[in-house]
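*Asks:* Chains as they are written, first to last, in the working numbering: chain A, 5 to 357; chain B, 5 to 357; chain C, 5 to 357; chain D, 5 to 357. Just so it is clear, CB atoms sit at the ideal spot from N, CA and C, and this is done for glycine as well.
Number of protein chains: 4
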Amino acid sequence: MAQPVNIAVAGVSGYAGLELARLLLRHPRLKGTPPIFLGRPGEQESALPLLTELHPQLGNNNGARRLSLEPFDWHDLRARGVDLLFLATPHEQSREWVPQAIENGMKVIDLSGAWRLQNAANRAIYRFADEGEVTAAAMQEEAVYGMPELHRDAVRDARIVANPGCYATSIILALAPLIRAGFINLDHGIVCDSKSGVSGAGKAPTAATHFMNAADNLSAYGVFNHRHTGELLEQLHLTAEQITFTPHLLPIPRGILSTIYLELNSKRTADKIDHCYREFYASSPMVRWYGRRLPQIQYVAHTNFCDIGFELAPDSRRVVLVSCLDNLLKGAAGQAVQNMNLLYGWEESEGLL
Amino acid sequence: MAQPVNIAVAGVSGYAGLELARLLLRHPRLKGTPPIFLGRPGEQESALPLLTELHPQLGNNNGARRLSLEPFDWHDLRARGVDLLFLATPHEQSREWVPQAIENGMKVIDLSGAWRLQNAANRAIYRFADEGEVTAAAMQEEAVYGMPELHRDAVRDARIVANPGCYATSIILALAPLIRAGFINLDHGIVCDSKSGVSGAGKAPTAATHFMNAADNLSAYGVFNHRHTGELLEQLHLTAEQITFTPHLLPIPRGILSTIYLELNSKRTADKIDHCYREFYASSPMVRWYGRRLPQIQYVAHTNFCDIGFELAPDSRRVVLVSCLDNLLKGAAGQAVQNMNLLYGWEESEGLL
Amino acid sequence: MAQPVNIAVAGVSGYAGLELARLLLRHPRLKGTPPIFLGRPGEQESALPLLTELHPQLGNNNGARRLSLEPFDWHDLRARGVDLLFLATPHEQSREWVPQAIENGMKVIDLSGAWRLQNAANRAIYRFADEGEVTAAAMQEEAVYGMPELHRDAVRDARIVANPGCYATSIILALAPLIRAGFINLDHGIVCDSKSGVSGAGKAPTAATHFMNAADNLSAYGVFNHRHTGELLEQLHLTAEQITFTPHLLPIPRGILSTIYLELNSKRTADKIDHCYREFYASSPMVRWYGRRLPQIQYVAHTNFCDIGFELAPDSRRVVLVSCLDNLLKGAAGQAVQNMNLLYGWEESEGLL
Amino acid sequence: MAQPVNIAVAGVSGYAGLELARLLLRHPRLKGTPPIFLGRPGEQESALPLLTELHPQLGNNNGARRLSLEPFDWHDLRARGVDLLFLATPHEQSREWVPQAIENGMKVIDLSGAWRLQNAANRAIYRFADEGEVTAAAMQEEAVYGMPELHRDAVRDARIVANPGCYATSIILALAPLIRAGFINLDHGIVCDSKSGVSGAGKAPTAATHFMNAADNLSAYGVFNHRHTGELLEQLHLTAEQITFTPHLLPIPRGILSTIYLELNSKRTADKIDHCYREFYASSPMVRWYGRRLPQIQYVAHTNFCDIGFELAPDSRRVVLVSCLDNLLKGAAGQAVQNMNLLYGWEESEGLL
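(1) Of all the alpha helix (DSSP H) runs that stay within the bounds of the segment 177 to 248 of chain B, which reach a length of 4 or more residues?
(2) Would you check if there are 3 or more beta carbon pairs closer than 8 Å linking the segment 230 to 248 of chain C to the segment 182 to 190 of chain C?
(3) Considering only the alpha carbon of each residue, which of G169/B, V112/B, Y171/B lies closest to R160/B?
(4) Can you list, in chain order, the residues of its chain whose CB lies under 6 Å from that of A20/A, leaving out five sequence neighbours each side?
(5) Less than 8 Å between the C-beta atoms of V202/D and P257/D, yes or no?
(6) Please return the same chain residues whose Cβ sits closer than 8 Å to the Cβ of A25/D, not counting the five positions on each side in sequence.
(7) Out of curiosity, what's the CA-to-CA distance linking Q104/C and L81/C?
(8) Given that D220/D touches chain G, what residues does it touch there, using C-beta distances under 8 Å?
(9) So if DSSP puts G358/D in a beta bridge, which residue, or which two residues, is it bridged to?
(10) Taking 7 Å as the limit between beta carbons, can you name the residues of its chain near A317/D, skipping five residues before and five after?
(11) By the DSSP assignment, the alpha helix (DSSP H) with D157/A in it spans what residues?
(12) If you follow the alpha helix (DSSP H) that A20/D is in, where does it begin and where does it stop?
(13) On the DSSP letters alone, give me the boundaries of the beta strand (DSSP E) that A14/C sits inside.
(14) Take every Cβ of the segment 225 to 239 of chain B, pair it with every Cβ of the segment 230 to 240 of chain D, and state whether three or more of those distances are shorter than 8 Å.
(15) Any idea what DSSP makes of T3/D, helix, strand or coil?
(16) Does the beta carbon of S203/A come closer than 8 Å to any beta carbon on chain C?
(17) When you check each C-beta in the segment 38 to 65 of chain D against every C-beta of chain A, which residues fall closer than 7 Å?
(18) Under 8 Å between C-beta atoms, does T93/D make it to chain B?
(19) What does E315/C touch in chain D if you count any residue whose Cβ is under 7 Å from its own?
(20) Can you name, in chain order, every residue of its own chain whose Cβ lies under 8 Å from the Cβ of A8/B, other than the five neighbours on each side?
(21) Return the CA-CA distance between H31/B and I11/B, expressed in angstroms with no decimal places.
(22) Could you check where the beta strand (DSSP E) with L91/D kicks off and where it finishes?
(23) Using CA atoms only, rank isn't needed, just tell me which of F309/B, L347/B, R321/B is closest to L356/B.
(24) Which residues in the same chain as L52/A place their Cβ atom closer than 6 Å to its Cβ, once the five residues preceding and following it in sequence are excluded?
(25) State yes or no: is the C-beta of Q300/A within less than 8 Å of the C-beta of N221/B?
(26) Using a cut-off of 8 Å between C-beta atoms, extract the partners of P257/D located in chain B.
(27) In terms of residue numbering, what span does the beta strand (DSSP E) encompassing F41/A cover?
(28) Got a sec: does the ligand ADP put a non-hydrogen atom nearer than 7 Å to the Cβ of E23/C?
(29) Output yes or no for whether 8 Å exceeds the beta carbon distance between L261/D and C328/D.
(30) Whole angstroms is fine: what's the gap from E352/B's alpha carbon to L325/B's?
(31) Quick one: list the residues of chain B neighbouring R292/C, beta-carbon separation under 9 Å, in chain order.
(32) Since E267/C sits in a beta bridge, which residues does DSSP pair it with?
(33) Mapping the DSSP letters down to three states, classify L71/A as helix, strand or coil.
(34) Tell me, please, whether the CB atom of L329/D is closer than 8 Å to any CB atom in chain C?
(35) With a 10 Å radius around its C-beta and 16 neighbouring C-beta atoms as the bar for buried, classify P45/A as buried or exposed.
(36) Quick one: what's got a C-beta closer than 7 Å to A158/C's C-beta in the same chain, skipping five residues either side?
Structure follows, in structure tokens:
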């Protein structure tokens with residue numbers, strides 16, 4: 005890459021933002037041009053906290069890194085030749101800013117749910133304000149669902165990358181090979197029982213994220229109405245009746261494990277299933293296929309891998325899949341960097357191993 | 005109860021044993037006749053640890069309680085008029101001792117899996133040694149599956165109470181009302197995704213129970229072959245193909261949450277389902293029905309309750325049940341005490357609230 | 005007790021309130037007269053939540069218990085013959101209500117810090133509003149510091165019991181015997197390094213109590229200015245320079261462990277120290293002295309015990325004490341019930357074992 | 005670096021070994037020459053597990069990395085031009101192997117306690133077998149205590165680097181500036197109350213590392229006799245009576261926080277203390293000085309930083325220091341890589357940010 009890449013990031017105050025900052029700061033391709041970290045629009049420069057005040061984790065002892073926040077200003081970003089904007093902002097914010105970024109000549113990787121859904125009915129769950137929606141709707145079609153394993157080529161050419169949801173990533177990567185192969189009896193329904201660490205619930209202190217409620221506990225939530233469901237339907241070409249998805253809040257900081265139950269449409273051997281996955285993920289550096297062993301959350305925590313394994317019932321019909329990832333990495337910031345790598349033609353796993 | 009009740013307990017060194025000791029020591033009906041805690045057979049009296057050495061939790065400051073272990077000796081137990089023997093021993097041990105206890109005129113509540121299964125094929129998973137199996141097989145039929153909510157009357161008259169498995173209790177209590185009502189489409193299969201705290205994995209230090217492997221982690225195990233499956237089949241009258249049960253190891257000390265997925269055999273309203281459970285558990289003090297809200301593990305930890313709630317899909321077909329209990333109490337020692345209460349005609353929840 | 009005891013409790017919504025409700029509901033002396041649980045003053049009866057909505061843990065299946073909240077009204081409390089009012093309210097509230105309760109002929113056990121300190125300078129940390137302070141100051145002298153092990157007789161006769169702080173209880177019980185015996189070299193300063201579970205930080209969701217900040221973490225806070233310090237000074241007769249107290253937030257729900265460092269004023273044997281504690285706590289059922297072994301938090305969690313042990317350096321001068329308790333029980337609700345037992349002449353540990 | 009660096013690592017099966025492997029595999033200077041991971045001596049090549057079987061965390065999907073274990077053989081290592089051997093082995097093993105490595109012309113960075121102590125009396129706690137001890141004792145003097153912040157130049161020229169203990173690192177880095185400045189009243193004794201995550205207790209499953217004993221708990225151990233004490237004495241030039249060190253087992257996977265109490269030998273301002281640390285650590289990239297704010301474990305987890313802050317009492321005499329690090333990184337594998345960087349003249353923090 006002869007040409008330097010200028011990157012800006014908005015929304016670094018959250019957990020995905022912290023991981024994104026960490027990954028970008030040590031990305032080998034960005035050594036000379038550290039990313040610009042942006043405050044909220046309208047925040048006075050003097051009122052901006054240091055990035056290292058928000059996240060003491062990122063500090064160092066000699067101040068060599070530029071770790072302050074800078075005021076958010078489209079003109080300034082354009083003037084500084086920003087090519088790529090990461091948005092780790094709430095979905096309403098992302099819905100508003102993506103068109104503006106495109107107008108200002110930038111590409112965008114958006115980590116929110118704002119641009120993931122092509123079907124307006126599915127998107128309704130996000131309840132976007134009306135204003136701006138005309139422009140947005142026009143742009144929606146252009147957005148690419150940023151899951152490299154499914155849409156590698158489209159991501160390479162995208163201007164808008166809609167980075168997938170964390171739960172959705174774990175489930176779609178586990179199911180896509182069998183669904184594409186036409187192995188599943190969809191009449192029986194697929195069950196996805198997912199469990200996520202608390203970072204998935206966001207940084208705002210709430211009753212649900214209070215240590216006393218989250219620790220030594222487990223709870224299901226969003227049964228039959230979690231907003232990642234739309235991604236499952238669109239990416240896997242399923243109807244709402246064909247898949248049941250139940251998320252749970254797990255008493256750990258990070259990591260998702262999805263246990264997925266399905267019935268094959270005819271008896272098949274374990275080898276057949278194994279082969280299907282090996283082939284599907286042969287060129288995907290960030291998916292690790294375990295065959296007939298089961299991955300665990302700790303194998304993927306603090307990595308950008310999605311690990312998948314399975315078990316087959318003695319009846320050669322029922323299959324249980326287990327899929328694990330780090331919700332802040334492969335489920336958010338890591339996958340975003342993976343998409344950035346594709347956008348610039350770098351190795352897909354660069355800066356992620 | 006004019007007559008004093010004499011109780012002995014074997015196997016107090018484990019987690020269920022600790023809880024059993026705790027419950028019995030403060031049971032109002034046993035104030036005058038504290039239980040006899042037994043060492044392992046063959047252990048010299050002088051070599052026996054104090055119960056409070058095994059479990060400092062049980063100690064007090066004035067030594068008023070009898071908290072030593074006593075040598076295990078059938079003659080002695082008989083001579084002291086022991087009526088009831090609790091076994092919190094490994095299943096091989098329980099398989100051997102129950103017939104001897106009966107022979108010595110005692111009733112037994114056994115917390116292991118040794119006597120829960122009537123079907124020899126299901127029981128095969130325990131691989132009992134051959135010797136003694138003839139006697140045992142003859143006695144098996146007499147054993148009552150000690151789940152008061154399903155077998156209250158049989159427990160009252162039992163000599164051998166086979167205390168249910170922890171996972172099995174959470175699943176059977178959640179499914180029994182709908183199955184008995186004939187509401188479930190069994191062709192589609194029931195999925196039970198269960199998560200248990202680490203105490204369920206036993207006291208022996210192993211790689212799986214090492215803090216570094218259990219903490220900040222989640223893992224599935226025993227897929228398609230967990231030994232509690234037999235209890236599900238026998239108690240719910242299902243075939244192995246009709247139910248899929250996957251246990252997971254949860255990074256918390258205690259508690260089980262089972263998320264259960266099923267399809268109704270015709271569209272039904274939430275009220276209909278709600279009514280079915282209310283009726284079924286109207287006289288069961290240890291089950292709390294939540295209706296269309298979902299219980300969490302922390303509501304039941306350190307209690308003997310099994311909490312159950314549900315959600316119904318917009319298609320009025322798919323149901324998700326959530327069932328929670330404390331694996332050491334309603335899933336083990338608490339249910340054992342509940343069974344003792346029935347055996348002696350005491351209030352079912354006595355000493356358990 | 006021929007005469008029934010009528011008890012009311014304000015402030016049940018918090019963690020100490022939950023434990024207090026639990027203990028009172030199963031206290032053998034209160035079987036016939038369950039406590040009245042009060043809402044906040046001014047709350048409409050119709051707006052009051054059920055106690056079981058606040059704490060699903062307390063519910064049961066047959067509604068036999070009175071578990072609703074009732075409106076707070078002094079006239080009503082008097083009319084119903086309430087003898088004893090528990091306050092698990094914020095300290096400002098307690099400062100205001102205790103005089104009113106006394107005026108209305110009730111005794112009070114207050115779990116807040118409002119009445120623990122006789123020295124106005126120490127009390128300044130609570131910044132009470134001026135109004136009411138004249139009455140309050142007059143009443144302050146009457147308040148008894150409710151630590152049975154130190155003030156058993158005074159508690160029996162008290163009208164106002166100021167229930168001690170959780171950290172303070174763990175430290176005072178560990179140090180009192182050696183200080184009263186005059187064994188400590190106070191010129192060298194005593195160091196109290198205390199660690200508390202997150203329930204000590206209260207129920208309000210804050211950044212500090214967010215699971216993501218509390219879990220997998222440890223942090224010190226309130227160095228040289230924690231408000232329990234005044235209790236240490238007054239109860240142990242020390243100056244601020246003689247004791248350094250540092251609390252830490254531990255990633256567990258409940259429990260306190262204090263590690264205490266001191267220098268003896270002359271060389272002494274371990275036996276001498278052991279003897280000093282054995283004698284001091286001979287008649288205290290809720291303190292367990294471990295001698296030269298060290299207690300751990302899990303020995304006391306969910307109990308009302310304070311466990312204390314020590315180690316002596318080879319120089320026979322330096323002593324390390326370890327003191328553990330459950331901050332919600334011996335550090336709050338349990339000690340309050342212990343005080344109630346004394347007030348009514350019941351056995352000190354009744355309902356607490 | 006024109007010349008390629010050939011590195012071998014023994015002892016990768018443990019937690020420090022895993023981190024060391026991770027760091028070396030992604031170290032920029034080792035891109036072309038990945039380290040050789042060694043099995044145990046005498047293990048047959050065919051019996052050696054894959055490194056990715058030991059640590060599924062390290063696997064990838066395309067097999068490009070050399071992640072097998074190789075048989076341990078000195079001749080082979082020499083033949084392949086190994087310059088540097090990392091030992092993450094038990095101390096007995098390290099005591100035996102370091103002289104052999106030197107003999108074979110390699111440098112060694114040893115993560116065990118075997119070579120850290122110059123004083124034989126301090127070293128006695130490790131109870132080395134006699135054989136080999138003559139050679140070892142002769143070599144001991146040459147070993148450099150591998151704490152770059154104190155011995156940067158010596159490390160650069162060392163053949164044997166004794167990588168410091170995890171607790172010792174957190175305490176020595178916190179105290180060295182004040183001790184060198186002569187600010188501390190050593191007559192009063194320094195108190196170091198340290199808390200470590202469970203990875204510090206090693207990978208062997210024991211009662212202490214069982215999840216049920218470690219979780220929701222805190223315990224002190226090794227009071228007055230922990231083997232890191234010798235490092236404190238030698239590196240800080242203190243006598244055993246001048247410092248009291250108590251380690252605790254914290255219910256988290258990784259991280260150490262040490263709270264350190266001392267008295268100044270004359271009143272000093274906070275600025276004076278602040279200045280002392282700023283100067284001392286001006287050129288140390290891996291220490292972050294917080295001044296009068298306090299670091300927490302989560303700021304350093306998964307990093308190679310040691311974070312230090314302080315608080316000064318109103319009497320301007322008593323100081324509390326808080327020092328945090330990740331016991332597996334700055335307390336083990338990370339510091340080892342920092343030492344490697346010095347040995348080869350690379351930037352000290354290379355591969356560690």
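*Replies:* Taking the definition as stated:
(1) 215 to 218, 233 to 240
(2) yes
(3) In the second sequence, counting from the first residue as 1, residue 160/B sits at position 156. Nearest C-alpha to R160/B: V112/B.
(4) For this step, residue 20/A is matched to residue 16 along the first sequence. Here the set comprises A92, L115, L332, A336, A337.
(5) As a first step, residue 202/D must be located in the fourth sequence, where it is residue number 198. As a first step, residue 257/D must be located in the fourth sequence, where it is residue number 253. In contact: V202/D and P257/D (Cβ atoms closer than 8 Å).
(6) What you label residue 25/D is simply residue 21 of the fourth sequence in a count that begins at 1. The answer, listed in chain order, is V13, V16, P39, F41, L55, H59, L62.
(7) Residue 104/C sits at position 100 when you count from the first residue of the third sequence. Residue 81/C sits at position 77 when you count from the first residue of the third sequence. Their Cα atoms are separated by approximately 12 Å.
(8) Annotation note: the requested chain G is absent from the structure, which comprises protein chains A, B, C and D.
(9) No statement about residue 358/D is possible, as the shown extent of chain D runs from 5 to 357 and does not include it.
(10) The residue given as residue 317/D occupies position 313 in the fourth sequence. Correct list: empty, nothing qualifies.
(11) Residue 157/A sits at position 153 when you count from the first residue of the first sequence. Note, D157/A: alpha helix (DSSP H), 152 to 160.
(12) Taking the fourth sequence and counting its residues from 1, one reaches residue 20/D at position 16. Its alpha helix (DSSP H) spans residues 19 to 29.
(13) Position 10 of the third sequence, counted from the start, is the residue given in the question as residue 14/C. Segment 11 to 14, the beta strand (DSSP E) holding A14/C.
(14) no
(15) Since the first residue shown for chain D is 5 and the last is 357, residue 3/D is missing from the structure and cannot be characterised.
(16) Looking up residue 203/A in the first sequence gives position 199. With 8 Å as the cut-off, S203/A counts as an interface residue toward chain C.
(17) P60, Q61, G63, N64, N65
(18) The residue you call residue 93/D lines up with position 89 of the fourth sequence. By this cut-off, T93/D is not an interface position.
(19) The residue given as residue 315/C occupies position 311 in the third sequence. In chain order: V227, F228.
(20) Working through the second sequence from its first residue, we reach residue 8/B at position 4. It should be pointed out that residue 8/B corresponds to Pro in this sequence rather than to Ala. G36, T37, listed in sequence order.
(21) As a position in the second sequence, residue 31/B is number 27, starting the count at 1. As a position in the second sequence, residue 11/B is number 7, starting the count at 1. Distance between the alpha carbons of H31/B and I11/B: 12 Å.
(22) In the fourth sequence, counting from the first residue as 1, residue 91/D sits at position 87. Segment 88 to 91, the beta strand (DSSP E) holding L91/D.
(23) By 1-based counting over the second sequence, the position of residue 356/B is 352. Checking every option, the nearest Cα to that of L356/B belongs to F309/B.
(24) By one-based count along the first sequence, residue 52/A stands at place 48. Cβ within range, chain order: G43, L73.
(25) For this step, residue 300/A is matched to residue 296 along the first sequence. For this step, residue 221/B is matched to residue 217 along the second sequence. For Q300/A and N221/B, yes; Cβs fall inside 8 Å.
(26) Here residue 257/D corresponds to residue number 253 of the fourth sequence, with the count starting at 1. The answer, in chain order, is F215, M216, A219, D220.
(27) Counted from its first residue, the first sequence places residue 41/A at position 37. Where F41/A is concerned, the enclosing beta strand (DSSP E) stretches over 40 to 42.
(28) With respect to the ligand ADP, the structure offers nothing, as it holds no ligand at all.
(29) Position 257 of the fourth sequence, counted from the start, is the residue given in the question as residue 261/D. Position 324 of the fourth sequence, counted from the start, is the residue given in the question as residue 328/D. Yes, the pair counts as a contact, with Cβ atoms nearer than the cut-off.
(30) Locating residue 352/B in the second sequence gives position 348, where the first residue counts as 1. Locating residue 325/B in the second sequence gives position 321, where the first residue counts as 1. Going by the C-alpha atoms only, they are around 25 Å apart.
(31) Within the third sequence, residue 292/C is the residue found at index 288, counting from 1. By Cβ distance, chain B contributes P60, G63, N64, N65.
(32) The residue given as residue 267/C occupies position 263 in the third sequence. Note: E267/C sits in a beta bridge opposite R322/C.
(33) On the first sequence, residue 71/A is found 67 positions in, with the first residue counted as 1. L71/A falls in the coil class under three-state DSSP.
(34) Locating residue 329/D in the fourth sequence gives position 325, counting from the first residue. No - not a single Cβ of chain C is within 8 Å of the one on L329/D.
(35) Sequence index remark: in the first sequence, residue 45/A carries index 41 (1-based). Classification of P45/A: exposed, given that the 10 Å Cβ count is below 16.
(36) Looking up residue 158/C in the third sequence gives position 154. The residues are V148.
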